[in-house]
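Structure first, commentary second.
There are 4 protein chains.
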Amino acid sequence: MSKDASAEARLRETWNSCGYYNLVGMEVTRADESGSEFRIEVLPEHLQAYGTAHGGILAGLVDAAMGLAILGRAPEGEGCATVEMKINFVAPALPGPLVGRGSVLHEGRRMVVAQGEARDGEGRLVAVGTGTFQRIPAPAS
Amino acid sequence: MSKDASAEARLRETWNSCGYYNLVGMEVTRADESGSEFRIEVLPEHLQAYGTAHGGILAGLVDAAMGLAILGRAPEGEGCATVEMKINFVAPALPGPLVGRGSVLHEGRRMVVAQGEARDGEGRLVAVGTGTFQRIPAPAS
Amino acid sequence: MSKDASAEARLRETWNSCGYYNLVGMEVTRADESGSEFRIEVLPEHLQAYGTAHGGILAGLVDAAMGLAILGRAPEGEGCATVEMKINFVAPALPGPLVGRGSVLHEGRRMVVAQGEARDGEGRLVAVGTGTFQRIPAPAS
Amino acid sequence: MSKDASAEARLRETWNSCGYYNLVGMEVTRADESGSEFRIEVLPEHLQAYGTAHGGILAGLVDAAMGLAILGRAPEGEGCATVEMKINFVAPALPGPLVGRGSVLHEGRRMVVAQGEARDGEGRLVAVGTGTFQRIPAPAS
Chain A
88 MSKDASAEAR
98 LRETWNSCGY
108 YNLVGMEVTR
118 ADESGSEFRI
128 EVLPEHLQAY
138 GTAHGGILAG
148 LVDAAMGLAI
158 LGRAPEGEGC
168 ATVEMKINFV
178 APALPGPLVG
188 RGSVLHEGRR
198 MVVAQGEARD
208 GEGRLVAVGT
218 GTFQRIPAPA
228 S
Chain B
88 MSKDASAEAR
98 LRETWNSCGY
108 YNLVGMEVTR
118 ADESGSEFRI
128 EVLPEHLQAY
138 GTAHGGILAG
148 LVDAAMGLAI
158 LGRAPEGEGC
168 ATVEMKINFV
178 APALPGPLVG
188 RGSVLHEGRR
198 MVVAQGEARD
208 GEGRLVAVGT
218 GTFQRIPAPA
228 S
Chain C
88 MSKDASAEAR
98 LRETWNSCGY
108 YNLVGMEVTR
118 ADESGSEFRI
128 EVLPEHLQAY
138 GTAHGGILAG
148 LVDAAMGLAI
158 LGRAPEGEGC
168 ATVEMKINFV
178 APALPGPLVG
188 RGSVLHEGRR
198 MVVAQGEARD
208 GEGRLVAVGT
218 GTFQRIPAPA
228 S
Chain D
88 MSKDASAEAR
98 LRETWNSCGY
108 YNLVGMEVTR
118 ADESGSEFRI
128 EVLPEHLQAY
138 GTAHGGILAG
148 LVDAAMGLAI
158 LGRAPEGEGC
168 ATVEMKINFV
178 APALPGPLVG
188 RGSVLHEGRR
198 MVVAQGEARD
208 GEGRLVAVGT
218 GTFQRIPAPA
228 S
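Protein chains in written order, with our numbering: chain A, 88 to 228; chain B, 88 to 228; chain C, 88 to 228; chain D, 88 to 228.
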């Protein structure tokens, strides 16, 4: 069951105001039935000692992209928790824009498998991953 | 070949001064032949919308713990890059201290496999993972 | 650089005659630039104690599908070795036909990341995974 | 809650008589509170085109070692299903004996995380992995 536009806006607002998204400067720009989209600008504060984005930044982006792809399809109020994720880092992420995208591979009754990726400003693949998520039913009203 | 104490101190200083470690407040406290140890205090700025540490924080900690375990055993000047990592999130990380630890599972000539974990202040396992890393030889002097 | 049809036929023949493929009754039916396709019939000898295909059968199918997708794009004589793979088992595989498919996500100079999946006779997703592979250059002639 | 010796023997017998174990010649020799142990002899029928054991054989061994480590600790009649597994192949497995071992990393109420490995006759690490498993409660009697 998909959300209406105002429910999607509430979902994005909830996540865009959380601590981690603000700390790293990450923003979800879409989370609907077709998947999720994120934006982040890689800045000096995201870099490890070799001058490229730390794995934590990319893993956080891919994790979030998968999670919001799941929530974008779920009834309003339903949550999800990452059980595990695996990510390949295929190219260094230099300072500049990154786009993250997530989509659902398989929806089970209690578990969902999703995939996510990050691409740089030229569309080059930087990281790609999959994850297993546990659904958290919306509290009964 | 292990490092002497001053080489280990230089390694820790290099990483503890990088952008990402400072942004998230993460510190490597040991990186020697036996593995690595990290500390971070989970703060409101690390949280996702459900009030627990975002996966990016835990993934960054485990990735770093594995990478520094590898560098702690490598000749000075050698680097490493994360090819891929997989992490299981087994308990929510609430605000408070976390300890990360990494160790090497297999050292190949070009690739190293490591494992890492994060535990909370009571020693409870929060996240556990493995990763594949590519060695980056020290530049010839 | 793609292969001509006879090189693709040689590639399929080489693999379809190896011990493991024969033991489990798995066959590669396509391995070209667009990816790979496999067939296997799940039989009683593939089952674990609960009556569904053992994870080893599905993992072997997905591993092979990824590896042959890589070889289907590589110059003749080039090989590849699985560095790691991760697979989600999303539905039980009951006795009957399975189709495996693989494709390349990222081709690096020394490493390739691929994805693979297995679907049952109704097209239902049974397993999905990603893997990291190391290229093995063709021996110089 | 651990099993008594006869319950452990029944567990081993159940699995050692399943189709897949017999097809590949794999045997569980221990499955108790401390973990599991398996034996397999790599034979020509297990090999891929390069003359080493196919990934499916190693993945099946590691998957089984993790699963039986979980069942070795569970009440009799409880089952488990692999949600996902990730395995690093760190050395080629040549024809000869392999030992598989599994142990539990984290036991949750519904999910368990385990690790497994395979070593050759000289004790050299060949493959190492982790997996997420779902508990299947014993049918009420």
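Note that CB positions come from ideal geometry on N, CA and C, so glycine has one too.
Fewer than three beta-carbon pairs drawn from the region 208-221 of chain A and the region 88-97 of chain B are found closer than 8 Å, and the two stretches are therefore not classed as touching. Straight across, the Cα-Cα distance linking residue 114 of chain A with residue 182 of chain B is about 23 Å. At a C-beta separation below 7 Å, residue 219 of chain D has these neighbours in chain B: 175. Within the same chain, Cβ atoms closer than 6 Å to the Cβ of residue 174 of chain D are found at 146, 149, 214, 216, the five residues on either side in sequence being excluded. Interface residue (Cβ-Cβ distance to chain A less than 8 Å): residue 136 of chain B is classified as such. Between residue 180 of chain D and residue 129 of chain D, the C-beta gap is smaller than 8 Å, which places the two residues in contact. Put simply, the backbone Cα of residue 193 of chain B is about 8 Å away from that of residue 212 of chain D. Listed by position along chain D, the residues whose Cβ is nearer than 7 Å to that of residue 171 of chain A are 171, 219. Under DSSP, residue 189 of chain D takes part in a beta bridge, and its partners are D/123, D/203.
DSSP, reduced to helix, strand and coil, places residue 195 of chain A outside both helices and strands of the structure shown, so it counts as coil. Between the alpha carbons of residue 223 of chain D and residue 191 of chain D lies a gap of roughly 16 Å.
Against chain B, the beta carbon of residue 153 of chain C has no neighbour under 7 Å; the closest one sits roughly 14 Å away. Short of 8 Å from the beta carbon of residue 167 of chain D, and not among the five residues preceding or following it, lie these beta carbons of its own chain, in chain order: 154, 157, 158, 161, 199, 220, 221, 222, 223. In this chain, residue 171 of chain A is not harboured by any alpha helix (DSSP H); it is covered by the beta strand (DSSP E) spanning 166-176.
For the 8 Å CB-CB criterion, residue 169 of chain D and residue 176 of chain C form a contact. The beta-carbon of residue 118 of chain D is placed no less than 8 Å from the nearest beta-carbon of chain C. For residue 212 of chain D, the uninterrupted beta strand (DSSP E) segment begins and ends at 212-223. By the neighbour-count criterion, in which a residue is buried when 16 or more other Cβ atoms sit within 10 angstroms of its Cβ, residue 120 of chain C is exposed. Separation of the CB atoms of residue 187 of chain A and residue 202 of chain A is rounded to 11 Å, and the pair is thereby denied contact status at 8 Å.
Of all residues in the region 101-135 of chain D, none has a C-beta nearer than 7 Å to a C-beta of chain B.
Looking at the DSSP output, residue 184 of chain C sits in a beta bridge with C/128. The shortest CA-to-CA distance from residue 205 of chain C to any of C/143, C/195, C/138, C/136 is the one to C/143. Setting aside the 5 residues that flank it on each side, residue 135 of chain B is surrounded in the same chain by 141, each with a C-beta closer than 7 Å to its C-beta; the list follows chain order.
For residue 159 of chain C, the enclosing alpha helix (DSSP H) begins and ends at 142-160. Sequence-ordered contacts of the region 178-201 of chain C with chain A read 192, 193, 195, 200 [C-beta pairs closer than 7 Å]. Among the bridge pairs identified by DSSP, residue 114 of chain D is matched with D/126. A direct Cα-to-Cα measurement between residue 122 of chain B and residue 152 of chain B gives close to 8 Å.
For residue 96 of chain A, the uninterrupted alpha helix (DSSP H) segment begins and ends at 92-103. In this structure, the CA atom of residue 103 of chain C is about 53 Å from the CA atom of residue 110 of chain A. Against chain A, the beta carbon of residue 144 of chain B has neighbours under 8 Å at 107, 143, 147, listed in chain order. Excluding five sequence positions before and after residue 171 of chain C, the CB atoms of its chain that fall closer than 8 Å to its own CB belong to 218, 219, given in chain order. In this structure, the straight-line span from the alpha carbon of residue 184 of chain C to that of residue 195 of chain D is close to 34 Å. Under the Cβ criterion of 8 Å, residue 91 of chain C is not counted among the residues facing chain D. Taking 8 Å as the threshold, the shortest C-beta distance from residue 159 of chain C to chain D does not fall below it. Check the Cα spacing between residue 101 of chain A and each of B/105, B/107, B/225, B/138: the tightest is with B/138.
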